[in-house]
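Chemist: Can you keep this structure in mind? I'll have questions shortly.
4 protein chains.
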Amino acid sequence: MGEQSSIAFSITWGERMPNTVSELSKQWYTTSFRVRYQETDQMGVVYHANYLNWFEIGRTEMIRELGFTYREMEEEGVLLPVIDLNIQYGAPAHYDDHVTVYTRMIDFSPLRIYYEYEVRRLTGDDQNSLTAVVEEGNLSGERLVTGSSRHVWVNKDWRPTRLDKCVPKLYDALRTSLLGGKE
Amino acid sequence: MGEQSSIAFSITWGERMPNTVSELSKQWYTTSFRVRYQETDQMGVVYHANYLNWFEIGRTEMIRELGFTYREMEEEGVLLPVIDLNIQYGAPAHYDDHVTVYTRMIDFSPLRIYYEYEVRRLTGDDQNSLTAVVEEGNLSGERLVTGSSRHVWVNKDWRPTRLDKCVPKLYDALRTSLLGGKE
Amino acid sequence: MGEQSSIAFSITWGERMPNTVSELSKQWYTTSFRVRYQETDQMGVVYHANYLNWFEIGRTEMIRELGFTYREMEEEGVLLPVIDLNIQYGAPAHYDDHVTVYTRMIDFSPLRIYYEYEVRRLTGDDQNSLTAVVEEGNLSGERLVTGSSRHVWVNKDWRPTRLDKCVPKLYDALRTSLLGGKE
Amino acid sequence: MGEQSSIAFSITWGERMPNTVSELSKQWYTTSFRVRYQETDQMGVVYHANYLNWFEIGRTEMIRELGFTYREMEEEGVLLPVIDLNIQYGAPAHYDDHVTVYTRMIDFSPLRIYYEYEVRRLTGDDQNSLTAVVEEGNLSGERLVTGSSRHVWVNKDWRPTRLDKCVPKLYDALRTSLLGGKE
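Which chain is which? The protein sequence lines are A, B, C and D, in order. My numbering numbers the first residue of the first sequence as 1 and each following residue consecutively. My numbering numbers the first residue of the second sequence as 1001 and each following residue consecutively. My numbering numbers the first residue of the third sequence as 2001 and each following residue consecutively. My numbering numbers the first residue of the fourth sequence as 3001 and each following residue consecutively.
This is the structure in C-alpha cells:
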C-alpha cells in the first residue's frame, strides 16, 4: 500500500463517531466537477450512462477522503466490482453544468459495500458553501439523479473474498474510519 | 415509478391500457456485436456503465425490427428518455467477446415504455442459430447481465406527451406491431 | 450570452499584451483533474481516445479563463468543430493520476482557431505550484502526450462563417482578450 | 516518428524491411456498423474522439480477417499501443448512420505497424455490395473522416520488442498474410 494510506492509520477520531449503520449513513461525501462536452448526446443533455461514471467518481473521492485510494486497494489484490445498481433520472444535467455527486455508504461488511448517491446541479452560491462532508438533510443544489449500487470484494481471480481475511489491515482501517472501530 | 422521477409525476394512466402484457412479453428481440477495446477497463473486463449503452442498442434494433427507427421518432418531435433503470451484474464480458443483447417490452402505453434486457455471451454454435426474434425460454449463450428500464415519451421541450395524440401514426403502428392490433 | 461574458467586456489589459501570434503562443492555460477509472482500458492505461476529450476540456477551460464559455458561443449560434487533429503518445497516464492539460492558441482568425496541447502528470509539489496561466518553458510535470487541433467557426447549419460578421461582439472580445486589440 | 514519442526513441530498423509496401498498401479491409446514440454529442453529430474507437475497430477486424485476433496477441504477451495519430474531419457522421471503416497497413516491420483509415457513410446500395476486402480506388460511400496511426510492439512491461523474436509464429503469419510471404 502506498504512502497515502499511512494517513489513514494515523487518523484519530473524536468521541462522537458514527457507530451504527444508521449513523454511518447520515453523512454524505461530496465531489464536484463540470459536465464535459463528450458527456452530452444529441438530446442536448448528459447521456444517461454517464451518471454511472459519476457514481464511480463519487466512490473514489469518498474513499480518498477516508485516507485510502482505490488504486492502492487494487495493488493489494482486491477489486470491488458492482453487482447491482439502480438509478432514477429526475432532471437532466447539461453541458458545462457544475454538478456535485453526493455519496455515502449505507452498508459495509467484510464481504460487501452498499453505496447511495445523489447528483445535484449547483449554482454559484451553492458552490461556495460546499464542504467535503455534508450531514443528511443539508444537501444543496437541484437534485437531478439518484441511485445506489452494491459491490463485493473479489480477488484477482474474480472470486468473492473476505476483506478481513484477505487484507485485514485495509479492513480494519476502513472499519475504523467508517464505524469508529465498533461493529 | 420511482419517487425521484419528477418528469413522470403528472402522468395519469388512461383507461385503455394494453391488456396483453403477458403475450407481449414473451418475445425477445436480439442484436449482436463484439466487445470493443475501448469498452474494457483496467480490471480487464467491460466497464460496468457500458452495458447501458448496449441496452440502448437493444432498444434501437428492436424498434428497427418493428419497422421504425429512433431517428425517425426524434424527427417527428418525440424523445424517449429513460426515467429509471436497474441492472444486475452476474459475470463480466471481456474484450472481443461476441455478445447478444436480448430486449423485450414488458409494458407499453401512450405515455411510457418498460423494457427488459439480458446480455449473453455467445459461442460459435450459438451465433449460427441466432434469430432476430426469440421466444421466451429459448435464449442461448451464457447470461452475463440483466436489467430493465422505464421511459416516457416527451416532446422537444422535454415535457411528457401522449404518443397517440402527438404522433398517432407512430402509436398505432407500434401498437399493431407489438400487440397485434388488440388492446 | 450569459452573465459570465460580461466579465470579458470589462477586462482591461495591461500594456504588455501579446500583439503577435508568436507572443500569443507563449502562454499556456492549465486545467487539472484526476484520471477516471472509466478512462482506463485493459492495458491498465488511459485509452488513447480519451486524450481528445482532455484536449476539449483544455479548450473549454482556456476560453472560460478568457471570460467566455463554449456554452454561450453555442447559444449565440456558432459552433467550433475540429477539422483536423494530431497527437503524439509518449508515455501513458494511469488511473487516479493527477494530470494537467496545458492549452494554448497558436493561431486565431475570423475563420479559424489553431490549438496546441501538452498533457502532463503532476506530482504533489507540481500541483501546489500550478497557476492558471503558465509562460512557455515553465511547464511542470512529466510530459505524457502532445497534440494540436484546428477548428473552424460554423453556424447552426454547419456552414463556415466569419466570426467577425456573425457574432462581432464575440469576435472583438476574443481578439481583445488574445491580441490586446491589435491585429 | 514524432519527437515526443519516447517509447520509440530506441528503435533501430532492421535490415530486412518489407520492400513491397506499395503492394501491401493497395488493399483496404472493411468493417461496418451503425452509429450509436451514445456516440453523438449536443451538436447532433458523432463526438470527434469516437472516430479513434472506430479506427481501433478497423484494426481489430482487419487482423481478424487475416486470421488472428488482438486478444490472442495480448495473450501471447505483446501489446500494440499507438504512438502517434492524425485525423482529418471532412463531414460528420450522425446517429444511426451506417458507416464503414476502411483500414489498411501501409507499413509493417518486426518493430512497428503503420495504419491508414477512411470512414465512409454508406447508402443501401453501397451496403449490399460491400466486401471484406476492397481494392484501392474502389471505396464506396461518402467519405467523412480520414486518418492514420503508428504503433509499436511492446511487451507486458511496456518496452519495445521485436515481434519476430518475441512471437515468431505470429510475425511469420502476419508477414505471410500481408506480403504473400515475400520480403
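We put the CB at the ideal spot given by N, CA and C, even for glycine.
Would you please verify whether the beta carbon of V1167/B is less than 7 Å from any beta carbon of chain A?
Modeler: no
Chemist: Tell me whether N50/A is buried or exposed, calling it buried when 16 or more other Cβ atoms sit within 10 Å of its Cβ.
Modeler: In this structure N50/A is buried. Its beta-carbon is surrounded by 16 or more other beta-carbon atoms within 10 angstroms.
Chemist: Which whole-angstrom value describes the C-beta separation of Q3027/D and V3152/D, a residue pair presumed to lie in contact below a C-beta threshold of 8 Å?
Modeler: With a Cβ gap of about 23 Å, Q3027/D and V3152/D do not count as contacting.
Chemist: What's the gap between the Cα of G77/A and the Cα of V3145/D?
Modeler: 42 Å
Chemist: What span of residues does the beta strand (DSSP E) with E3075/D cover, start to end?
Modeler: Run containing E3075/D: none in the beta strand (DSSP E); it sits in the alpha helix (DSSP H), 3070-3075.
Chemist: Is the Cβ of N2053/C closer than 7 Å to any Cβ of chain D?
Modeler: yes
Chemist: Report the rounded CA-to-CA distance for T1040/B versus Y1117/B, giving the unit in angstroms.
Modeler: 21 Å
Chemist: Candidates L80/A, I87/A, D96/A, R162/A: which alpha carbon is nearest I63/A's?
Modeler: Minimum Cα distance to I63/A is reached at L80/A.
Chemist: Between which residues of its own chain and T1069/B is the CB-CB distance below 8 Å, once the five residues before and five after are set aside?
Modeler: Cβ neighbours of T1069/B within its own chain (closer than 8 Å, five residues either side excluded): T1060, I1063.
Chemist: Among all the DSSP beta bridges, which residues are the ones paired with Y107/A?
Modeler: It is worth fixing the name first, because residue 107/A is Asp in this sequence and not Tyr. D107/A is bridged to Y114/A.
Chemist: Give me the subset of the stretch 2031-2059 of chain C whose CB atoms are less than 7 Å from a CB atom of chain B, sorted by chain position.
Modeler: Y2037, Q2038, T2040, D2041, Q2042, G2044, Y2047, A2049
Chemist: Please work out which residues of its chain come closer than 8 Å, Cβ to Cβ, to E2065/C, disregarding the five sequence neighbours upstream and downstream, and give them in chain order.
Modeler: Non-local beta-carbon contacts of E2065/C in its own chain, meaning distances under 8 Å to residues more than five positions away in sequence, involve Y2029, A2132, V2133 in chain order.
Chemist: With the cut-off set at 7 Å, would you say G2090/C and Q1042/B are in Cβ contact?
Modeler: no
Chemist: So, for Y1114/B: in the same chain, excluding its five sequence neighbours on each side, which residues have a beta-carbon less than 6 Å away from its beta-carbon?
Modeler: I1106, D1107, R1150
Chemist: Count the other CB atoms within 10 Å of the CB of T1176/B; is the residue buried (16 or more) or exposed (fewer)?
Modeler: exposed
Chemist: May I have the straight-line CA-CA distance separating L1085/B from G2141/C, to the nearest angstrom?
Modeler: 42 Å
Chemist: Would DSSP call Y1047/B helix, strand or coil?
Modeler: coil
Chemist: Measure the alpha-carbon distance for Y1184/B versus E3072/D and round it to whole angstroms.
Modeler: In the structure as shown, chain B starts at 1001 and stops at 1183, and residue 1184/B therefore has no counterpart that could be examined.
Chemist: Examine chain B for any beta-carbon lying closer than 7 Å to the beta-carbon of Y3095/D, and answer yes or no.
Modeler: yes
Chemist: Could you give the distance in angstroms between the alpha-carbon of E3075/D and the alpha-carbon of K1165/B?
Modeler: Distance between the alpha carbons of E3075/D and K1165/B is about 56 Å.
Chemist: Less than 7 Å between the C-beta atoms of G58/A and T100/A, yes or no?
Modeler: The answer is no: Cβ separation not under 7 Å.
Chemist: I want to check one thing, is the minimum distance from the CB of D1125/B to the heavy atoms of the ligand COA below 6 Å?
Modeler: Among the components modelled here there is no ligand, and therefore nothing to report on the ligand COA.
Chemist: Which class does W1013/B belong to by DSSP, given the choice of helix, strand or coil?
Modeler: Any answer about W1013/B is weak, because its pLDDT of 33 lies below 50 and its placement is not dependable; what the coordinates show is given next. Coil at W1013/B, not helix or strand.
Chemist: When you compare each of R3036/D, V3046/D, L3052/D, F3055/D to F1055/B by their alpha carbons, which one comes out closest?
Modeler: R3036/D
Chemist: Which partner residues does P1160/B have in the DSSP bridge list?
Modeler: According to DSSP, P1160/B shares a beta bridge with V1154/B.
Chemist: Mind pulling the chain A residues with CB within less than 8 Å of T2069/C?
Modeler: D96
Chemist: In the structure shown, what three-state DSSP assignment does L3085/D receive?
Modeler: strand
Chemist: Can you tell me whether S1129/B is buried or exposed? The criterion is at least 16 other CB atoms within 10 Å of its CB, across all chains shown.
Modeler: The residue is exposed, with fewer than 16 neighbouring Cβ atoms inside 10 Å.
Chemist: Cβ of N2053/C within 7 Å of Cβ of Q38/A?
Modeler: yes
Chemist: Does the CB of N2086/C have a neighbour CB from chain D at under 7 Å?
Modeler: yes
Chemist: Say whether chain B places a C-beta atom closer than 7 Å to the C-beta of L122/A.
Modeler: For L122/A, no CB of chain B lies under 7 Å from its own CB, so it is not counted at the interface with that chain.
Chemist: List the endpoints of the continuous alpha helix (DSSP H) containing T176/A.
Modeler: 168-179
Chemist: Taking the straight line between their C-alpha atoms, what separation do you get for R34/A and L2170/C?
Modeler: 23 Å
Chemist: Let's see if you can read the secondary structure: which residues bound the beta strand (DSSP E) around Q27/A?
Modeler: 27-34
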